[in-house]
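To convert, take the position in the sequence shown, counting from 1, and add 891; that gives this note's numbering. All C-beta atoms in this analysis are idealised placements derived from N, C-alpha and C, irrespective of residue type, glycine included. Just so you know, these numbers come straight off a predicted model, no measurement behind them. Some notes on the structure that comes next.
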Amino acid sequence: MNQPVFSVSQVNAYIKQMFLRDDRLRFIAVKGEVSNCKYHSSGHLYFTVKDKTGQLACVMFANACRRLSFTLREGQNVIVYGSMQVYERDGKYQLYAEEIEKDGMGRLFEEIEQLKRRLETEGLFAAERKKPIPPYAWRIGIVTAQTGAAIRDIVQITGRRNPYVQLLLQPAQVQGESAPESIVRAIRKLDRLGTDVMIVGRGGGSAEDLMAFNTEAVVRAVAECVTPVISAVGHETDVTLTDFAADLRAPTPSAAAELAVFEYRVAEEGIAAYHTSLTHAMCRRISDARNRSQTMGEKLLRVGPAGVLKAKKVQLIYTGDRLERAIKRSLVQNKHRFELLAGRLHAVSPAARLSGGYAFVTTKENRPLTSVTQVKPKDTVRVSLADGSFLAEVMQTKD
């Protein structure tokens, strides 16, 4: 083929010149939603603007960034003014931004941010204001559209988890100019009815569709609600000011139903487990109490009057037995000792000697005569023999 061959650099340079020669691309305004926003340490700003079917890479250099009157964030709708150029090295075309201004919803998002800061300063979003969600709610109020997907999902999940729960729907418009007033009215009506918990929300939609839940009236109604409120607006990535004011945020209406409705079967199993545990605990406590009572009764018997008397009686019987044994032992010992002493006494007694032919002589005054010097002739003496005594007169003394 005789067709000329170009290098990559030549092609990129040619395309760049095409962009520069096109007056419509030399100064262009593009609107879209900001994504992939990144402030570089060099001061440059890199981001993408997108719509439903396409996206465009953008760069804003540091000198232009310094003129930007607001901080660019994800999700903002903006109008970017600049020129379309080709970055030859990468063969990539992008919008070189000179100016950026907020467009429609972008300004609205900024107003929402201002409202958020103001309400946050008032303390409407403070954690200490949050009320706990009751774990076993039987009456659940719902503020949402009567025919929307949100109520269908809530009813379906409630029927699966606990068919005995009562759902009270207070229909409300969830988008449009009259939506905030309708939502506030429904919230206050359900709050007066005294439900256990309230779900406020709607299914997914565009940012414009969810704006009713970013209004000050709705946010204050949720914050002032006596009933615990679960906010369930849009999809998981959607965040509204109602989420900050509510006592609990659910990513979707279905998730809100999961959080609000306790599972009846699980609760039954839990109650059965508690019943078994309580029965075992009570049996243990009764057994422990019975053992303690028995121990205390025994202790009372020991330290009470009856116990003391019984102990004293036992002690007295034991002491009596000991005393009786001691007396018997003493009697036996004394008897043996008496017999021994009696034998000894008999051996030395006058009666024993008298029975051997001896006599015991005393004066008339019964004083023993141990010497002839104690009497003189004609004195009367008493002579005692083994079988009696007689008086005798001393005829003569002899040394």
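{"Query": "Buried versus exposed call for leucine 1200 [16 or more other C-beta atoms within 10 Å across all chains shown]", "Result": "exposed"}
{"Query": "Sequence-distant residues of the same chain with beta carbon closer than 8 Å to arginine 1076, five excluded per side", "Result": "Ala1063"}
{"Query": "Nearest residue (CA-CA) to threonine 1131, options Glu1159, Leu1282, Ala1146, Ser1097", "Result": "Ser1097"}
{"Query": "Cβ-Cβ separation, alanine 1136 to isoleucine 1090 (assumed contact under 8 Å), whole Å", "Result": "Actually they are not in contact, since the Cβ atoms of isoleucine 1090 and alanine 1136 sit about 14 Å apart, beyond 8 Å."}
{"Query": "Rounded straight-line distance, which links the Cα of leucine 1081 to that of alanine 1164", "Result": "35 Å"}
{"Query": "Leucine 1169 burial status per 10 Å Cβ neighbour count (16 or more: buried)", "Result": "exposed"}
{"Query": "From Cys956, Arg1051, Gly945, residue whose alpha carbon lies closest to that of serine 933", "Result": "Cys956"}
{"Query": "For proline 1119 and lysine 1022, believed in contact at Cβ under 8 Å, the rounded distance", "Result": "4 Å"}
{"Query": "8 Å CB neighbourhood of valine 1113 in its chain, flanking five on each side removed", "Result": "Ile1078, Val1091, Val1120, Ser1122, Thr1133, Ala1136, Ala1137"}
{"Query": "Between the CA atoms of glutamate 1230 and valine 1285 - distance to the nearest angstrom", "Result": "40 Å"}
{"Query": "The region 928 to 942 / the region 964 to 973 touching (three or more Cβ pairs under 8 Å)", "Result": "yes"}
{"Query": "Threonine 1035 - DSSP class collapsed to helix/strand/coil", "Result": "strand"}
{"Query": "Span of the alpha helix (DSSP H) around glutamine 1064", "Result": "Run containing glutamine 1064: none; DSSP gives neither H nor E here."}
{"Query": "Closest Cα partner of valine 1065 within the set Tyr1055, Ala1041, Gln1057", "Result": "Ala1041"}
{"Query": "Cβ neighbours of valine 902 in the same chain (closer than 8 Å, five flanking residues each side left out)", "Result": "Gly982"}
{"Query": "Integer-rounded CB distance, given that valine 971 should sit under 8 Å from valine 1046", "Result": "With 8 Å as the limit, valine 1046 and valine 971 do not qualify as a contact, their Cβ atoms being about 45 Å apart."}
{"Query": "Close beta carbons around arginine 1043, own chain, < 7 Å, minus the five adjacent residues each side", "Result": "none"}
{"Query": "Identity of the residue in Thr1086, Glu1107, Cys1116, Pro1071 nearest aspartate 1100 by Cα", "Result": "Pro1071"}
{"Query": "The region 893 to 902 touching the region 935 to 955, judged by at least three CB pairs closer than 8 Å", "Result": "no"}
{"Query": "Secondary structure, alpha helix (DSSP H): runs of 4+ residues fully inside the region 894 to 933", "Result": "899 to 912, 914 to 917"}
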